[in-house]
Every structure is written in structure tokens, then in C-alpha cells.
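First comes the structure, then the notes that go with it.
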Amino acid sequence: MKQINEMDFATKQIHGGKEPEVFGALNPPIYMTSTFRDPDGSGRFKYSRTGNPSVAYVENKVALLENGEAGLALASGTAAISAALWTALNAGEEVVCSDTVYGCTMTLLQDHMARFGVKTTFVDMANLENLAKALTEKTTVVYLETPCNPTLKILDIQAIAEIVHRYNPNIKVFVDNTFCSPYVQRPLELGADVVVHSATKYINGHGDVLAGFIVGGKDFIAACRKGGLRDITGATLSPMNAFLVARGLKTLDIRMEKHCANAIKLARFLESHPAVKKVAYPGLESFEGYEIAKKQMSLPGAMMAVELNASREQVGELLKLFQLCTVGASLGDAETLVEHPATMTHKNLSAEALKEVGIGESMLRISVGLEGSGDQIAEFKEVLDTLL
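The working numbering applies: residue 4 is where the sequence shown begins, and numbers increase by one.
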């Protein structure tokens, strides 16, 4: 029989990460304990802050799906990002970061890590020359998202990794893969060194968990566990949330197929609506990053950014009209979620900064859910028609 890492993605998402279970339970039990009996210090698990069987199960599963050597689970996506960066960086070192990233990531790098002597240079990595010019002998991490949050700009992971590692093979390329999930995109296979996830989103998929993951080489993940998790953040994923993430993962491929099928139908409708100025969605041939997305993503995903022919005030009133769709700052749930980046996820950015990274005041970010596609389109039509 083939090894589990040689099997189909659907098989790995269901069976991956399992270890022998003493009572033969189909699903691994939830180990709700803070401490483990370990009289001679040789036990694998000692204290649940740094290791727990329920958490280890889902760590191994996510690492397998990302084709990484090891994985580390944390209490949220932000915890995963911060633990990974704190582990990789020292005072006096530098980060080159994509100019468009999740608002909390930007704040962490720009404000908080700067207080401890870490410099961050933000560049538009869609232009690879910008990246090459920004690298210095002090660069330790190159950090990016693709598709970018919230503009959906696509960055070429393979090209970026090649430029960075040619300059210095010791620089770690970090990719936030939250928008795609490992079913749609696997950055490690494209040359990245570290993948981070907010598993609160597609990996869990049901809007009832906060969780994050770091996946990469065994040595780096061990350092993240010993330093980033144990000593710096203490942001441990609970055994109960680990169980819920593992349960959600069993249907990841089915969910992503439906998410993406719904998304392309909605994107095509929105592109045709007179109240819409522009739709940024990787599955549309009109999308600027279409060819790169097709090369590195197996599906176009279910996230899109929509620019409306409307003022900021009109957008605010528009959001009050949604009933089927939920106005909320998260993504990747069964429910369709709509948010206004300028006043929600990226509200800490100045008007100038928003303009620089392409976040318009009339932009909506849409996470297309699993409802009936016809119902989704009908609601958007009814809401957008009020702008005509």
C-alpha cells in the first residue's frame, strides 16, 4: 500500500496525521489536560502549552497537506504570523514585505517590530525589480501574501523565491496562504520556506474556531515551538479547537470546489452590473494576475475585491441592506461574508496609505460562501440595483 504522503489530497485530509489509538476510536480523542504524567522526563508530551496529542494530530495533518516537513498550531492566525516572525528575526535585521498585506501583519511589522530594532521595507512585489532592489545583507525574511488581502493582487511565488534565494539562500520566504488553503495553493512546492495560515478561515471552514498554523522545515518549526510559542507568545491552540479544525479539514476539498464554483458565477455577474466599476478575481480572464494565478493555483479561490461606482457614504448605507450575506471582517466560512476594508480590516491605514496599496474607499471584499449561487446573485443584484 502507498504511504499516506503519496496518496490523493482527499485521502490525506481525512487520514493524515493519525497515530495508533489505544481503544481503536475512529476519531482521535480530545486530550483535555494541561499536564502529562512523565516521571523520568522521557515522555513525548509534558505540558499542553508546547505539546498535546490532539494538537499534534492536526499539526501533522496540515503539514502533510502543505507538503512541509513539520507544522505548529497556534491560537490564531495572528499568533502564527507573530510567532514565526519573532523566531526568525533579531534586532538589526530586516524584512522585505509585500506592500499589500493583512492589516494586523502590517501593524506588527511597521510599528511593533520596529520598536525592537527590526526594519521593514514594503514594496510592490508584482514588479520583481522592486524586490531585487530592496534586498540587503541584513534581509532575513521576505514576507508576502498571494492573493493579497484585500486587493487580490497576485504575486509570483516561484519567481520571488528564486530571486531571494539566488541573492542569499539563507533568507526565508514566508507566504501567508490563508486566502487559498493548501487545496488551492502550496507555496512550499513553489520554493517558499515557510507557510502561515489563519486556520480560522478555510482550513476550519465553519466560523467556530480561532486557529493558526506555521508549516516549514523541521528545524525552523522546532525553533518556533521552543521560542515563538513557548517563550514569546504562549498562544497555544486548545485541544477542543484542534478537534474542530481536524473535523473541518475532512471536507476541505469538497468545500473549496463549491466555494470556487460559486465565486466564478458571482464574479461574472458582478462584472456585468452597471454599479460595479471593477472586479478583481483570479478566475476572470480580465483580471491582471490571471496567468500567474492559473500557474500557481489549482482553482481561482473564493475571494474577490469589487470596486463600486459609489461614494464611501453610499457604501456604508449599502452594507446595511444585506440580509442573506453577512457583513463581517472574516472570510472562509460557509456563509458569504462582505466587508469594507477601508473602515474594517485596514482602517488603521491613512487615506494616503490606502491609496498607495490600491484599497479604494468604494472597495468591498467578498468571501463567497456555500449558499445557493442563484440566491447569492439575487441578493447582490437587489442591493447593487439601489445604486442605479
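Built from N, CA and C at the ideal position, the CB exists for glycine as well.
Proximity to residue i [Cα-Cα], best of the options
i, options, result
"A83", "V279, L302, A238, H343", "A238"
"L269", "A354, D378, D41, L75", "D378"
"K49", "L391, F272, R233", "R233"
"A266", "V282, A91, N152", "V282"
"F272", "M10, E382, G46", "E382"
"M366", "P344, L147, C151, G71", "P344"
"S37", "K297, P242, L334, V309", "P242"
"L67", "A264, L391, G220", "G220"
"A137", "I166, I160, M306, I235", "I166"
"A332", "P42, Y105, N244", "Y105"
"K384", "G363, L311, M347", "L311"
"A164", "A354, I33, N180, L147", "L147"
"V392", "A313, A354, N171, G363", "What the structure shows of the chain is the stretch from 4 to 391, and residue 392 is not part of that stretch, so it cannot be assessed."
"E338", "P172, L390, V58, I369", "I369"
"F177", "L191, E22, N171, Y170", "L191"
"A375", "M306, L390, A264", "Correcting the residue type first, residue 375 is Gly in the shown sequence and not Ala. Among M306, L390, A264, the Cα nearest to that of G375 is on A264."
"V248", "R40, Y34, E62", "E62"
"H168", "D388, P23, L340, A195", "A195"
Which of helix, strand or coil DSSP assigns to residue i
i, result
"E291", "coil"
"R40", "coil"
"K281", "strand"
"F182", "coil"
"H168", "helix"
"E24", "coil"
"I157", "coil"
"S333", "coil"
"R189", "coil"
"H449", "The shown model of the chain, from 4 to 391, leaves out residue 449, and the question about it has no answer."
"T389", "helix"
"L131", "helix"
"S275", "helix"
"I174", "coil"
"F12", "helix"
"K136", "helix"
"L357", "helix"
"E382", "helix"
"T52", "First, the residue type needs correcting, since residue 52 is Arg and not Thr in the sequence shown. R52 falls in the coil class under three-state DSSP."
"R118", "helix"
"L373", "coil"
Between the CA atoms of residue j and residue i - distance to the nearest angstrom
i, j, result
"P285", "P303", "5 angstroms"
"L155", "G361", "10 angstroms"
"T254", "Q16", "8 angstroms"
"Q299", "G54", "33 angstroms"
"E342", "K64", "31 angstroms"
"R47", "F246", "20 angstroms"
"L131", "F12", "32 angstroms"
"D111", "K5", "According to the sequence displayed, residue 111 carries Leu and not Asp. Approximately 43 angstroms, taken between the alpha carbons."
Would you list, in sequence order, the uninterrupted alpha helix (DSSP H) runs of no fewer than 4 residues that lie entirely inside the stretch 205-265? 221-226, 242-252
Are the stretch 12-27 and the stretch 206-215 touching by the rule of at least three beta carbon pairs closer than 8 angstroms? In short, these stretches do not touch, since the Cβ pair count stays below three.
Contained alpha helix (DSSP H) runs [length at least 4] in the stretch 302-326, N- to C-terminal order: 315-322
Kindly confirm or deny that the stretch 77-95 and the stretch 311-323 touch, where touching means at least three C-beta pairs closer than 8 angstroms. Contact fails: fewer than three Cβ-Cβ distances are below 8 angstroms.
Ignoring anything shorter than 3 residues or poking outside the stretch 57-115, list the beta strand (DSSP E) runs there in chain order. If we require 3 residues or more, the beta strand (DSSP E) runs fully inside the stretch 57-115 come out as 73-77, 97-101.
Segment contact flag, the stretch 275-293 with the stretch 114-126, C-beta cutoff 8 angstroms, min 3 pairs: no
For the stretch 134-143 against the stretch 289-297, are there 3 or more C-beta pairs whose distance is under 8 angstroms? no
Touch test, the stretch 84-101 against the stretch 246-261, Cβ-Cβ under 8 angstroms, three pairs minimum: With a cut-off of 8 angstroms on Cβ pairs, the stretch 84-101 is not in contact with the stretch 246-261, counting fewer than three such pairs.
Counting pairs of beta carbons, one from the stretch 212-220 and one from the stretch 184-204, are three or more of them closer than 8 angstroms? yes
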